[in-house]
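Q: Got a structure for you, questions after.
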Amino acid sequence: MAYDSSYTVVIVPLQNSLYSSDALRFFHWLKRLRALEREKDSLWIGLEVLEQARFWYQYQLDRVNQRHERLGMRKHDEEGEGWSCALRSAMQRVNGSLGSLLNNAYVCRAVPDEKEGSDWYLRWTNATLTQ
């Protein structure tokens with residue numbers, strides 16, 4: 001809401017000389033008035049910035065609330081048990097994929113000796129299960 005207007009220059013004829021106390025007081029009064037006008041303009045600009053920030057935060061809050069509502073509707077539609085079962089199966093698929101990748105990488109890197117064969121497989125299975 002800041003107004004884009006220029007400052008007005010006021011010329012007031014003084015009856016005394018330019019260096020009189022009245023002229024000095026008037027000059028200081030004008031200087032204070034100009035500083036107050038600039039401060040007012042700065043405050044208006046700051047108020048506009050705060051208002052824009054408030055609108056942005058309100059928009060973000062609305063988006064988050066809508067997302068929560070959609071998740072809440074989805075949760076009620078799928079019923080808690082079905083949702084946790086789907087999540088559990090997805091986690092198991094990811095764990096299985098990672099395990100097979102690690103297993104293939106380990107097998108390619110170092111093939112165990114024949115005498116350690118069965119022991120190696122048991123240790124590897126134990127390590128993957130405990131992680």
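74 is the number that UniProt numbering gives to position 74 of the sequence shown; each next residue is one higher, with no gaps. We put the beta carbon where it would ideally sit given N, CA and C, even for glycine.
(1) Distance, Cα to Cα, Arg63 vs Glu69?
(2) Give the secondary structure of Ser17 by DSSP, where H, G and I count as helix, E and B as strand, and everything else as coil.
(3) Indicate the three-state DSSP secondary structure (helix, strand or coil) for Thr8 in the structure shown.
(4) Quick one: Cα of Arg32 to Cα of Leu47, how far?
(5) Rounded to whole angstroms, what is the Cα-Cα separation between Ser92 and Leu122?
(6) In angstroms with no decimal places, state the Cα-to-Cα distance between Ser97 and Ser89.
(7) How big is the Cα-Cα spacing for Asn126 and Val94?
(8) CA-CA distance, Arg25 and Val9?
A: In short:
(1) 10 Å
(2) coil
(3) coil
(4) 22 Å
(5) The sequence shown places Gln at residue 92, not Ser. For Gln92 and Leu122, the distance between alpha carbons rounds to 21 Å.
(6) 12 Å
(7) 19 Å
(8) 17 Å
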